[in-house]
Amino acid sequence: MAYTSDHFCLVFFICTVLFSLSVGATTTIIVGAGMSGIMAAKTLTDNGVKDFVILEATNRIGGRMHKETVGGYTIEIGANWVEGVGGKIMNPIWPLAKKYKLRTFYSDWSNLSYNIYHQEGGILPQSLVARPYALATSSSDFSSKLSESFHKSGEEDVSILASQRTFGHVPVTPLEMAIDFYFYDFEIAEPPRVTSLKNVLPNPTFDDFGEDEYFVADSRGYEYIVHKIAQEFLDSHNGDISDNRLKLNQVVREIQYTDKGVKVVTENGSAYTAENVIVSVSVGVLQTKLIKFKPDLPLWKLLSIYRWDMVIYCKIFMKFPSKFWPTGPGTEFFIYAHEQRGYYNFWQHLENEYPGGNLLMVTVTDDEARRIEQQPDHETKIEIMGVLRKMFGSDIPEMEAILIPRWGRDRFFKGTYSNWPIGVSTHDFDNIKAPVGPIISLENIQVRNIMVMYTVLILQASTLPICCWTA
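In terms of mature numbering (1 follows the signal peptide of the UniProt record, and there is no 0), the sequence shown is residues -24 to -1, 1 to 447.
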């Protein structure tokens, strides 16, 4: 994803704590084996607590860091970029990417304004694009500064759209909406009208870690990092994790808790008891009835959970028999300016990553992503081919393969990551982090989050982790 000082992705980590951890605890259950669950287990291990079990609903670890194949090529349907590189503070994920020699490619967004296609085809000339693009940049700068002023003055939050109105310009034309989609929806997967100004702009990740981004295109997958971290403390054999503390295909359906401990019941009837539990599922899952808490979580916590938006960021991958799009420097990313905001808007060719692969990727979000998730692949294919023929002519070849992730319909994820909507306060955020039941002090616990798209958490703690992280 693109990030400059004006572009961002919001990913945040929510803590839902049920019971205290202590060095003397005999058993800890961790629900979920995504990056956050694995890091929770690693931090326990680093602090001398090895009596834990990890319950993972799927048949793998890594969560939304997940590879698939299309046309014989490995692609990432979840996290795809190392975001935030080259700044004053080292992004902790970057040394891991270098350590494990992940195959990454620098994303150059600088020429994007020269690659915007009209709805009926043809690249729009700079005489039409330059002013709207500059206006969008100025509007984004204004919004970031307005947010900072709100923090200083204590002004109540507004939407980013309200900030755009204050600036004096709201995107209305297909071109303006396409640029606006790139600045916001492409990053946070929801439009400015529903997104918090104070809690989204400016993005501190890129202020600290830097504005450079690297696209991961590795046959081992981005998830390889999660596997290598897990192998540092879980037993493995021939590269596969064999530790019996990791339980795959264990769908947690019920968590019973009292002040004496917890009982976790899975879909297959298995029951696990412990002194405490760390829940690392997404806020989208917490908003459903997949996991029932007995007794119910208190109303103040439930309301805070329900206020967040679990968004859908859908990357659709296509394989063609030959290239029909421009390649070379400055062509990797391009935009389709349609009258329907977000309609197959943002495109990327993968010729840099997979030379000769003839791969394209298009990103859809929010309501468009939900619509596409509901319809059959062949209908989406017809729509995409219609857009491509508008951009590149009627004689282009038919695609050979298409891959459409459906994170929103997956009951174990219910979306890709979280967006902070207007009307949700920092008090709501604190409520989600707040414990249910007795906990040890959170003093001296340091958490650093890493933006890699779709949530990666690296936890650095001087004591045991007390939270569960979701996004």
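Don't be surprised by glycine CBs; every beta carbon is placed ideally from N, CA and C.
This one's a predicted model, so the numbers in the text were calculated from it and none came from an experiment.
Problem - For E166 and L100, the rounded distance between their alpha carbons - result: One C-alpha to the other measures close to 25 Å.
Practice task
Enumerate in chain order the residues of its own chain whose CB-to-CB distance from F368 is below 7 Å, with the five nearest sequence positions on each side excluded.
Solution key: Spatial neighbours of F368 in its own chain (CB-CB distance under 7 Å, excluding positions within 5 residues in sequence) are listed in chain order as F300, W301.
Practice task
Please report how far the alpha carbon of Y312 lies from the alpha carbon of F322, in whole angstroms.
Solution key: Y312 and F322: Cα-Cα distance of roughly 6 Å.
Practice task
Within its chain, find whatever has a CB closer than 6 Å to the CB of T50; leave out the 5 residues flanking it on each side and keep chain order.
Solution key: Here the set comprises K43, S195.
Practice task
Tell whether a beta-carbon distance below 8 Å holds between W284 and V400.
Solution key: Going by beta carbons, W284 and V400 fall inside the 8 Å limit.
Handout entry: Cβ neighbours of I292 in the same chain (closer than 6 Å, five flanking residues each side left out)
Key = Within the same chain, I292 has close Cβ partners V338, I380.
Practice task
For V238, collect the residues of the same chain with a Cβ closer than 8 Å to its Cβ; drop the 5 residues on either side in sequence, then sort them by chain order.
Solution key: Correct list, in chain order: L(-7), F(-6), I5, I231, Q232, T249, A250, E251, N252, V253.
Problem - Straight-line Cα distance separating N225 from K236 - result: Distance between the alpha carbons of K236 and N225 is about 27 Å.
Exercise for the section: Compute the Euclidean distance between the alpha carbons of P373 and R365, then round it to the nearest angstrom. Expected result: When rounded, the distance between both Cα atoms is 10 Å.
Exercise for the section: Kindly list the residues whose CB is nearer than 6 Å to the CB of K357, restricted to its own chain and excluding five residues on each side of it in sequence; keep chain order. Expected result: Take K357, set aside five residues on each side of it, and the residues of its chain with a beta-carbon closer than 6 Å to its own are I378, in chain order.
Practice task
Could you tell me whether the region 188 to 202 touches the region 57 to 72, where touching means 3 or more Cβ pairs closer than 8 Å?
Solution key: A contact exists between the region 188 to 202 and the region 57 to 72.
Exercise for the section: Output yes or no for whether 8 Å exceeds the beta carbon distance between P297 and N334. Expected result: Between P297 and N334, the C-beta gap is smaller than 8 Å, which places the two residues in contact.
Practice task
Report the three-state DSSP secondary structure of I(-11) (helix, strand or coil).
Solution key: Its pLDDT being 35, under 50, I(-11) is placed unreliably in this model, and the value from its coordinates should be taken loosely. In the three-state DSSP reduction, I(-11) falls in the strand class (E or B).
Problem - From L177, E308, Q140, G97, residue whose alpha carbon lies closest to that of E124 - result: The residue with the shortest Cα to Cα distance from E124 is L177.
Exercise for the section: Classify I65 as buried or exposed, calling it buried when 16 or more other Cβ atoms lie within 10 Å of its own Cβ. Expected result: It counts as exposed.
Exercise for the section: Identify which residue in P108, L78, K174, G97 has its Cα closest to the Cα of T149. Expected result: Of the candidates P108, L78, K174, G97, the one whose C-alpha sits nearest the C-alpha of T149 is P108.
Problem - I281 - partner residues in DSSP beta bridges - result: Per DSSP, none; premise fails for I281.
Practice task
Would you please state the rounded distance, in angstroms, between the beta carbons of V261 and F405? I believe it to be under 8 Å.
Solution key: Actually they are not in contact, since the Cβ atoms of V261 and F405 sit about 18 Å apart, beyond 8 Å.
Problem - Every unbroken alpha helix (DSSP H) within the region 302 to 365, with a cutoff of 4 residues, ordered by chain - result: Runs found: 342 to 350.
Practice task
May I have the straight-line CA-CA distance separating G48 from F159, to the nearest angstrom?
Solution key: The alpha-carbon atoms of G48 and F159 are separated by roughly 32 Å.
Practice task
Compare the Cα-Cα distances from A16 to each of V228, S103, L222, M361 and report the closest residue.
Solution key: Answer by Cα proximity: L222.
Handout entry: Continuous beta strand (DSSP E) stretch holding F191: start and end
Key = Segment 188 to 192, the beta strand (DSSP E) holding F191.
Practice task
Would you grab the beta carbon distance between S139 and L173 for me? Rounded to a whole angstrom, and I think it's under 8 Å.
Solution key: About 5 Å separates the two Cβ atoms, so the contact holds.
Problem - Close Cβ partners of M153 (< 7 Å) along its chain, the five nearest in sequence each way excluded - result: Listed in chain order, the non-local C-beta contacts of M153 below 7 Å within the same chain comprise P147, R317, local neighbours out to five positions each way being set aside.
Problem - Residue environment, S86, which counts as buried when at least 16 other CB atoms sit within 10 Å - result: With fewer than 16 other Cβ atoms within 10 Å, it is exposed.
Handout entry: Burial state of K277, where buried means 16 or more other Cβ atoms lie within 10 Å
Key = Burial is judged here by how many other beta carbons sit within 10 angstroms of a residue's own beta carbon; K277 has at least 16 and is buried.
Problem - Runs of beta strand (DSSP E) lying entirely within the region 39 to 65, each at least 3 residues, in chain order - result: As far as the region 39 to 65 is concerned, its whole beta strand (DSSP E) runs of at least 3 residues are 43 to 46, 49 to 52, 57 to 61.
Practice task
Go to Q263, then tell me how far its alpha helix (DSSP H) extends in each direction, as first and last residue.
Solution key: No alpha helix (DSSP H) holds Q263; DSSP gives it neither H nor E.
Practice task
Report, in whole angstroms, the separation of the C-beta atoms of D161 and T34, which I expect to be a contact under 8 Å.
Solution key: Wrong, their Cβ atoms sit about 28 Å apart, outside the cutoff.
Practice task
Using three-state DSSP, classify I37 as helix, strand or coil.
Solution key: Note: I37 maps to coil in three-state DSSP.
Exercise for the section: Reducing DSSP to helix, strand and coil, say where Q140 ends up. Expected result: Helix.
Practice task
Using alpha carbons as the reference points, say which of V363, N407, N395 lies closest to Q95.
Solution key: It is V363 whose Cα lies nearest to the Cα of Q95.
Exercise for the section: State the Cα-Cα distance for the pair G130 and W396, rounded to the nearest angstrom. Expected result: One C-alpha to the other measures close to 18 Å.
Practice task
Give me the Cβ distance between G13 and R40, rounded to the nearest whole Å; I'm assuming they're in contact under 8 Å.
Solution key: In this structure G13 does not touch R40 by the C-beta definition: roughly 12 Å separates them, more than the 8 Å allowed.
Problem - L104 to F157 span [Cα, whole Å] - result: One alpha carbon belongs to L104, the other to F157, and they sit about 17 Å apart.
Handout entry: Check whether T242 and L31 have beta carbons under 8 Å apart
Key = For T242 and L31, yes; Cβs fall inside 8 Å.
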